[in-house]
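Residue numbers (my numbering): 8 to 281.
Okay, structure first, notes after.
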Ligand SMILES: [Zn+2]
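Shown next, in the form of C-alpha cells:
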C-alpha cells in the first residue's frame, strides 16, 4: 500500500468545543472535521466546570467518533481569580478520573487582565506544580506577559515532561525563548491575518518541524483567508487546512511533511492513542 492510500490524519490541538456556539450542531461539526481529514481534536478546558464538560463530551461522542477526542483540564488566566486550593484538589481528582491529556489552559494574560496579575501567577504556579506532580504535559497561554511567563516556566521546566505554547502570536525573540525551554509551539489562523500576523509570519519558519503543532482555537480565530467565509464567522476544526496552507506558504515545507510532523508531535506530546 502506498502512503497515499493512508493519508495522515491531522490533529487540531486546540478546540473550544464546549463553547455555546457549538450547541446547535456539535455532532455535525465533528463529522465535518472527520471528513476534512482531522483525525483528532483536543478539547480545551478553561474552568473547572468547563474541564468537566470537556471530559464528558469525550465520553458522549466516543461511540460516534471513536478515538477522535481528548480533553485538557485547567484554569485559564482569565479565570485565575477563581483558583484556590480547593479548586486545585478538584482539578487533580478530575484529571485522574477523566484521563485528561494535559494540564491547562494555563499561563498569564496581561493584555486583558481579566484576573489580577497576582492571582494569575498563583494559579499558574499551582498548575505547573500539579503537572510536575502528575508528570503531565501543559497547554500554555500567554499574552503580553512574556517576560514573567518565561521566568516562572524556567523554575518548573526540569520537572515537566513537555508543554505547548498554544496560539503563539509573538515575535522571533519570544519564539526562541520558548524553544530554548524545549516547548512545542501551536500555530493558529492568526498566521492568516494580514493585519496582525506579520511578526508571526516572519518567525514561523524558525519553528523546527519536530516542535510545530497546529490548531484552530475554534470557534475563535476564523482564518481571514478562508473562502467562502461562514456568515456567522464561526471557526471550526474542519478549517484547520487553512492554517496548513499558510504554513506551506511561510515555511516552504510541503503540506504533507507539515501534516505528518504536526500529527506525530501532537500524539507524542499528549500521548494520544498510546
Ligand atoms: Zn489561549
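Every residue, glycine too, gets a C-beta built ideally from N, C-alpha and C.
When DSSP builds the beta bridges, which residues end up paired with residue i?
{"i": "residue 109", "result": "79"}
{"i": "residue 35", "result": "Residue 35 pairs with nothing; no bridge assigned."}
{"i": "residue 18", "result": "47"}
{"i": "residue 259", "result": "According to DSSP, residue 259 bridges with nothing at all."}
{"i": "residue 116", "result": "150"}
{"i": "residue 270", "result": "The partner list for residue 270 (beta bridge, DSSP) is empty, contrary to what the question assumes."}
{"i": "residue 145", "result": "110 and 170"}
With respect to the alpha helix (DSSP H) encompassing residue i, which residues constitute its N-terminal and C-terminal limits?
{"i": "residue 173", "result": "Run containing residue 173: none; DSSP gives neither H nor E here."}
{"i": "residue 187", "result": "179 to 187"}
{"i": "residue 279", "result": "Residue 279 -> no alpha helix (DSSP H), and no H or E assigned at all."}
{"i": "residue 140", "result": "124 to 141"}
{"i": "residue 66", "result": "55 to 67"}
{"i": "residue 210", "result": "205 to 210"}
Where does residue i land, buried or exposed, given buried means 16+ other C-beta within 10 angstroms?
{"i": "residue 237", "result": "exposed"}
{"i": "residue 21", "result": "buried"}
{"i": "residue 53", "result": "buried"}
{"i": "residue 47", "result": "buried"}
{"i": "residue 116", "result": "buried"}
{"i": "residue 28", "result": "buried"}
{"i": "residue 81", "result": "buried"}
{"i": "residue 73", "result": "exposed"}
{"i": "residue 235", "result": "exposed"}
{"i": "residue 111", "result": "buried"}
{"i": "residue 270", "result": "buried"}
{"i": "residue 280", "result": "exposed"}
{"i": "residue 277", "result": "buried"}
{"i": "residue 79", "result": "buried"}
Along the chain, where does the beta strand (DSSP E) containing residue i start, and where does it finish?
{"i": "residue 221", "result": "219 to 221"}
{"i": "residue 45", "result": "45 to 50"}
{"i": "residue 191", "result": "191 to 194"}
Using the Cα positions of residue i and residue j, report the straight-line distance between them to the nearest angstrom.
{"i": "residue 37", "j": "residue 256", "result": "27 Å"}
{"i": "residue 153", "j": "residue 56", "result": "28 Å"}
{"i": "residue 201", "j": "residue 210", "result": "15 Å"}
{"i": "residue 219", "j": "residue 172", "result": "10 Å"}
{"i": "residue 177", "j": "residue 261", "result": "24 Å"}
{"i": "residue 225", "j": "residue 66", "result": "20 Å"}
{"i": "residue 199", "j": "residue 240", "result": "14 Å"}
{"i": "residue 124", "j": "residue 132", "result": "12 Å"}
{"i": "residue 35", "j": "residue 25", "result": "14 Å"}
{"i": "residue 64", "j": "residue 102", "result": "15 Å"}
{"i": "residue 104", "j": "residue 98", "result": "10 Å"}
{"i": "residue 86", "j": "residue 93", "result": "15 Å"}
{"i": "residue 107", "j": "residue 45", "result": "20 Å"}
{"i": "residue 42", "j": "residue 16", "result": "10 Å"}
{"i": "residue 245", "j": "residue 39", "result": "6 Å"}
{"i": "residue 229", "j": "residue 243", "result": "8 Å"}
Starting from the Cα of residue i, find the closest Cα among the options and give me that residue.
{"i": "residue 60", "options": "279, 23, 176 and 275", "result": "23"}
{"i": "residue 140", "options": "31, 51 and 109", "result": "109"}
{"i": "residue 265", "options": "70, 217, 204 and 51", "result": "217"}
{"i": "residue 254", "options": "242, 194 and 94", "result": "194"}
{"i": "residue 114", "options": "279, 102, 151 and 98", "result": "151"}
{"i": "residue 143", "options": "149, 163 and 130", "result": "163"}
{"i": "residue 222", "options": "214, 183, 156 and 248", "result": "248"}
{"i": "residue 185", "options": "51, 155, 121 and 126", "result": "155"}
{"i": "residue 6", "options": "166, 136, 214 and 159", "result": "The first residue shown for the chain is 8 and the last is 281, placing residue 6 beyond what the model contains."}
{"i": "residue 19", "options": "192, 232 and 208", "result": "192"}
Does residue i get closer than 7 Å to chain D when you measure Cβ to Cβ?
{"i": "residue 161", "result": "The structure shown contains no chain D; it holds only a single protein chain."}
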